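Asker: Handing you a structure now.
2 protein chains.
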Amino acid sequence: MDKKVKQAGDKLGRYWRQHKRLPSFAEMADIFGYASKNAVTKLVAKLKDAHLVEQDASGRLVPGSLLTSLPVLGNVQAGFPSPAEEELVDSLTLDDYLINNPQSSFIIEVAGESMLDAGIQPKDLVIVDRGLTPKNNDIVLAQIDNEWTLKYFNKKGNKVSLQAANDKYPTLIPQSELTVAGVVVSSIRKYK
Amino acid sequence: MDKKVKQAGDKLGRYWRQHKRLPSFAEMADIFGYASKNAVTKLVAKLKDAHLVEQDASGRLVPGSLLTSLPVLGNVQAGFPSPAEEELVDSLTLDDYLINNPQSSFIIEVAGESMLDAGIQPKDLVIVDRGLTPKNNDIVLAQIDNEWTLKYFNKKGNKVSLQAANDKYPTLIPQSELTVAGVVVSSIRKYK
DNA sequence: TTGACAGGTGTACGTTCGTTCACCTATAAT
DNA sequence: ATTATAGGTGAACGAACGTACACCTGTCAA
């Protein structure tokens, strides 16, 4: 890939993340240091070839996947984590990947160690979908005895039990008053 | 918030996620079922009041934070995970939150259980930044003896050791040939 | 009964959009 | 020495943009 094209892609990516839209051709001329929009037209043609930007059904310019998503370089064992551009396994945006139903989902911070053995630690964030009906072994956000907790959901017949992923926590069998706020669809942790 | 405004916001959110841009006023008229762009103008004014869309420095329409991000409803203990619209703690987009340097980051799938006690399981995805220099207790993606692994980074004087977060795995003290591909900045897990 | 107003239509307007054309270089290949 | 070609300027174009204005209608309060 041409160096100039790649630099332009970088700038577009930054612009996209900051402004949540692509610049117009006139703005690009400014950004890229051109005096004429025509120079932009030619550069954009190359950006399209490089799949850094794409064109809508209606012909409008939208960011290509390379601009908005991160490359997935395989897995740790087989992985070859070099900046290789040739053939990357996949690429994805975390929002699209982790959230199925934005309208019915929310984020909540984890407190307590009840799900530690499931790899969910205090201060992690979990994404909860309140639109899903819990199935067995789903992790649910539930209110039991006026307290919210994360637990494995388990239903046998019509007996519901809430089970922690930590030996030190007891399995709870709620009396009548069980409220399930939603099902955990993903969990995230930030180190830096 | 007006019901009609909220519905319009929902539609805009879906459009945004699908097209990675906001529709023009003419397109909105189509989407919302109006015959006149002027009706859209008035609706957009309300959407701005509701912070569902915003206006650029240059006056262009961009999605508001409510359209692109998920609400954070506090933490599990104190949390009140109801659809309360009044006062939510925060709201964020996962991409912005988890990725600091998109240009120098990539995603890799975890294989093996060496970081199990750190809450990183097989099939989890980790985001690795190859631009960071590892500090002690950072989790790094390293190549040792021709194999890629995730390990805690530890350096005393100029002795580097790579430590697993799992008793069953030995602490490695690499011979000359240590390659650190990058530092793990976040980890994600998808359940559904 | 009247008036105000929210919500919608249709037309018109100036601005900006992306595209296109003619033209001007350097650089590199013939 | 000559010719393509890549990369840029500048001006012009029609189309689409968002906005504004006049107007219509139903609803609700005074």
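Those protein sequences? They're chains Y and H, same order as listed.
According to my numbering, the first sequence holds residues 1 to 192 in order.
According to my numbering, the second sequence holds residues 1001 to 1192 in order.
Using N, Cα and C, we set each Cβ at its ideal position, and we do this for glycine too.
Small disclaimer: the values here were computed from a predicted structure and weren't measured.
Closer than 8 angstroms by C-beta to Ser1091 (chain H): which residues in its own chain qualify, once you throw out the five before and the five after it? Chain order, please.
Answerer: Within the second sequence, the letter at position 91 stands for residue 1091 (chain H). Excluding sequence neighbours, Ser1091 (chain H) sits near Ser1065, Leu1066, Ser1069, Leu1070, Pro1071, Val1072.
Asker: Is the Cβ of Glu1085 (chain H) closer than 8 angstroms to any Cβ of chain Y?
Answerer: Position 85 of the second sequence, counting from 1, holds the residue named residue 1085 (chain H). With a pLDDT of only 49 at Glu1085 (chain H), under 50, the local geometry of the prediction cannot be trusted, and the value read off the model is given with reservation. No, Glu1085 (chain H) lies away from the interface with chain Y (no Cβ there is under 8 angstroms from its Cβ).
Asker: Check whether chain Y comes within 8 angstroms of Tyr1097 (chain H), counting only Cβ atoms and requiring the distance to be less than that.
Answerer: The sequence position of residue 1097 (chain H) within the second sequence is 97, counting from 1. Closer than 8 angstroms: yes.
Asker: My output table needs one value for Asp1117 (chain H): the three-state DSSP class, helix, strand or coil.
Answerer: The count along the second sequence starts at 1 and reaches residue 1117 (chain H) at position 117. Of the three classes helix, strand and coil, the one that applies to Asp1117 (chain H) here is helix, per DSSP.
Asker: Does the CB of Ala74 (chain Y) have a neighbour CB from chain H at under 8 angstroms?
Answerer: By 1-based counting over the first sequence, the position of residue 74 (chain Y) is 74. The sequence given here has Gly at residue 74 (chain Y), not Ala. With 8 angstroms as the cut-off, Gly74 (chain Y) counts as an interface residue toward chain H.
Asker: In the segment 1046-1058 of chain H, which residues sit with their C-beta less than 7 angstroms from some C-beta in chain Y, listed in chain order?
Answerer: Listed by position, the residues of the segment 1046-1058 of chain H near chain Y (Cβ gap below 7 angstroms) are Asp1056.
Asker: Using a 10 Å radius around the Cβ and a threshold of 16 neighbouring Cβ atoms, would you call Lys159 (chain Y) buried or exposed?
Answerer: Taking the first residue of the first sequence as 1, we reach residue 159 (chain Y) at position 159. It counts as exposed.
Asker: Which chain H residues sit within Cβ distance under 8 angstroms of Lys11 (chain Y)?
Answerer: Your numbering for residue 11 (chain Y) matches position 11 in the first sequence. By Cβ distance, chain H contributes nothing, its closest Cβ being about 11 angstroms from Lys11 (chain Y), past 8 angstroms.
Asker: Can you list, in chain order, the residues of its chain with a C-beta nearer than 8 angstroms to that of Trp1016 (chain H)? Leave out the 5 residues immediately preceding and following it.
Answerer: In the second sequence, the residue the question calls residue 1016 (chain H) occupies position 16. Contacts found: Leu1022, Pro1063, Leu1067, Thr1068.
Asker: Should Pro1170 (chain H) go down as buried or exposed, given a rule of 16 or more other Cβ atoms within 10 Å for buried?
Answerer: Locating residue 1170 (chain H) in the second sequence gives position 170, counting from the first residue. Flag for Pro1170 (chain H) reads exposed.
Asker: Which residue spans inside the segment 1034-1076 of chain H form an unbroken beta strand (DSSP E) run of at least 3?
Answerer: 1053-1055, 1061-1063, 1070-1075
Asker: Below 7 angstroms on C-beta distance, what does Val1184 (chain H) contact in chain Y?
Answerer: The residue you call residue 1184 (chain H) lines up with position 184 of the second sequence. Tyr191, listed in chain order.
Asker: Give the straight-line distance between the Cα atoms of Glu1086 (chain H) and Ser58 (chain Y), rounded to the nearest whole angstrom.
Answerer: Locating residue 1086 (chain H) in the second sequence gives position 86, where the first residue counts as 1. Locating residue 58 (chain Y) in the first sequence gives position 58, where the first residue counts as 1. Only weak support exists for where Glu1086 (chain H) lies, its pLDDT of 49 falling under 50; the coordinates are left without a value.
Asker: Quick one: which chain H residues come within Cβ less than 7 angstroms of Leu94 (chain Y)?
Answerer: Residue 94 (chain Y) sits at position 94 when you count from the first residue of the first sequence. Simply Leu1094, Asp1095, Leu1098, Ile1188.
Asker: DSSP beta-bridge partners for Arg1240 (chain H)?
Answerer: In this structure chain H extends from 1001 to 1192, so residue 1240 (chain H) is not present and cannot be described.
Asker: Report the option in Y:Ala142, Y:Lys123, Y:Asn137, Y:Asp124 whose CA atom is closest to the CA atom of Arg130 (chain Y).
Answerer: Here the question's residue 130 (chain Y) lines up with position 130 in the first sequence. Arg130 (chain Y) has its Cα closest to that of Y:Ala142, out of Y:Ala142, Y:Lys123, Y:Asn137, Y:Asp124.
Asker: State yes or no: is the C-beta of Val1128 (chain H) within less than 8 angstroms of the C-beta of Val1184 (chain H)?
Answerer: On the second sequence, residue 1128 (chain H) is found 128 positions in, with the first residue counted as 1. On the second sequence, residue 1184 (chain H) is found 184 positions in, with the first residue counted as 1. Yes, they are a contact pair.
Asker: Which residue wins for smallest C-alpha separation from Asp56 (chain Y), given the options H:Arg1060, H:Lys1020, H:Lys1135, H:Gln1007?
Answerer: Taking the first sequence and counting its residues from 1, the one referred to as residue 56 (chain Y) is at position 56. It is H:Lys1020 whose Cα lies nearest to the Cα of Asp56 (chain Y).
Asker: To the nearest angstrom, how far is the alpha carbon of Lys152 (chain Y) from that of Gln1077 (chain H)?
Answerer: Taking the first residue of the first sequence as 1, we reach residue 152 (chain Y) at position 152. Taking the first residue of the second sequence as 1, we reach residue 1077 (chain H) at position 77. Per the sequence shown, residue 152 (chain Y) should be read as Tyr rather than Lys. Approximately 17 angstroms, taken between the alpha carbons.
Asker: Could you tell me the alpha carbon to alpha carbon distance between Lys123 (chain Y) and Asn1075 (chain H), rounded to whole angstroms?
Answerer: Start at 1 with the first residue of the first sequence, and residue 123 (chain Y) comes out as number 123. Start at 1 with the first residue of the second sequence, and residue 1075 (chain H) comes out as number 75. Going from the Cα of Lys123 (chain Y) to the Cα of Asn1075 (chain H) covers about 8 angstroms.
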